[in-house]
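All remarks here apply to the structure that follows.
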Amino acid sequence: MADPVDRSDESASTSPPADGASAELPSVQRPDVHEVSTPAASPSAPVATTSAPLDNSSPATSTASSRAPAADMPSAVRDSSSSWRDRSNIIGLLTLVVTVVAVGVTIYYSNDSSKSGRSQAESGEVQARTGISEAARQPNLKVARVAAYIEGGIDGTDLSEGAGGEKLENLHGPHVDITFENRAPGPSLITRATLKLREAGLLPVCHATGGPLMISVNYDFPMPSEIPKMPYEKSKDISFTVEDNKIDRLTLTMGPETVGWGRPWYGVVDVVFEHDGTKTTVGPISVVDTGGDAEFYPDGDTWIIENISNPACLDETATLVDRLMSIPDVTVSKELKSLRSKLISMGH
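Have a look at this one:
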């Protein structure tokens, strides 16, 4: 059953005035209203409507006002998105510029490094070629041949009593003959020679000798008249040039500074040559001189051995010569070889 509707307000508004006079109702202009529908309690209940004047300060109006800008939200979002897109574009552009600059700098320095590397490599090649060229111009002095023999051409002085210091020429004595070769574009200069005497002595006595003869011989390397203590050294400044790509010979003489009527002298020597900031050693070399014995001396390719009063001396001489010839890497003088041959021919 439907609830009764209270109509007291409606009756009061339509009933005539109490005094019985009719009164004309004033014309009232209804303001615009919003009709708000309330759901019916039941399908048969009348729908009641409530009219209310629009009030800008009402909650409904405020709610409507607060929602009104919602219609503009997409535009604001679009503006914000556009703004962010602009910033992203600017940042992207700046990033691109920085990247391009970085790549350009990298390429520049890479090219610069490559050029620098090539320049250093070319400089190294030039220095290497210069070094090779300089090395090629350096002298390259080598010993091609060594020989030892007795030969004339030595000057001297006769110091014998009554000789008055007579000058002598073409005296014979030991010569060391070295052939140098310089297989290089630059000349080689020998500036100093040092003779190192390993061993020296006199051949064994085969008969009596002696006499007043005393000759001073002008050797390049004069040895003391008395056998010196070993090893013995003597140096001499020289100036000997071997031209580039040439072969040349240097001859040095050596022996006792004075000789007389005595037995032949022998020696074993090395010669050190100083040249071009380095040293070259030639030796060992075994040599023998002529002596002053008119019955025991070298003569060309043989020896004169006569009137032996002490036959045992020949065996002693053979033993000595064999030892001198057996020194490792020794260069044996021509006269020592011919002496050994002579002794063999004599049965020693």
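Going letter by letter, the sequence shown gives residues 365 to 712 in my numbering.
C-beta: ideal position from N, C-alpha, C; glycine also.
Check                                                                                                   : Outcome
Spatially closest choice to L505 from S702, L616, R547 and F604, by CA coordinates                      : R547
Cβ contact check for the region 541-559 and the region 632-651: 3 or more pairs under 8 angstroms       : yes
Distance cut-off 8 angstroms: S580 Cβ against heavy atoms of the ligand MG                              : The ligand MG is not among the ligands present in this structure, which contains no ligands whatsoever.
Neighbour-count burial assignment, E607, 16 or more Cβ in a 10 Å radius                                 : exposed
Whole-angstrom distance between I602 and A557, CA atom to CA atom                                       : 7 angstroms
N- and C-terminal bounds of the alpha helix (DSSP H) containing E680                                    : A676 to M689
Where M618 falls, given that 16 or more other Cβ within 10 Å makes a residue buried                     : buried
Exposed unless 16 or more other CB atoms sit within 10 angstroms - verdict on L457                      : exposed
V623 beta carbon less than 9 angstroms from that of S697                                                : no
Same chain only: Cβ atoms within 6 angstroms of I689, ignoring 5 sequence neighbours per side           : According to the sequence shown, residue 689 is Met rather than Ile. Only V696 meet the Cβ criterion.
CB of S702 within 9 angstroms of CB of D679, strictly                                                   : no
Collapsed DSSP secondary structure at K593 in the structure displayed                                   : coil
Exposure of A682, with buried meaning 16 or more beta-carbon neighbours within 10 Å                     : buried
Three CB pairs or more closer than 8 angstroms across the region 558-568 and the region 515-523         : no
Whole-angstrom distance between G565 and L614, CA atom to CA atom                                       : 26 angstroms
C-alpha distance - S580 paired with L523, whole-angstrom precision                                      : 7 angstroms
Helix, strand or coil at T413 [DSSP, three-state]                                                       : With a pLDDT of 42 at T413, under the threshold of 50, the predicted position of this residue should be treated as unreliable, though the coordinate-derived value follows. Strand.
Classification of E590 by the beta-carbon crowding that lies within 10 angstroms, buried from 16 upward : exposed
Per-residue burial, I454 [other beta carbons within 10 Å of its own, 16 or more giving buried]          : exposed
C-alpha distance - C570 paired with F660, whole-angstrom precision                                      : 8 angstroms
Which listed residue (F585, G526 and N671) has its alpha carbon closest to that of A572                 : N671
Top-ranked residue by Cα proximity to S709, from V632, P549 and I669                                    : I669
Beta-carbon spacing of V540, V633 below 9 angstroms                                                     : yes
Backbone secondary structure at S697 - three-state DSSP                                                 : coil
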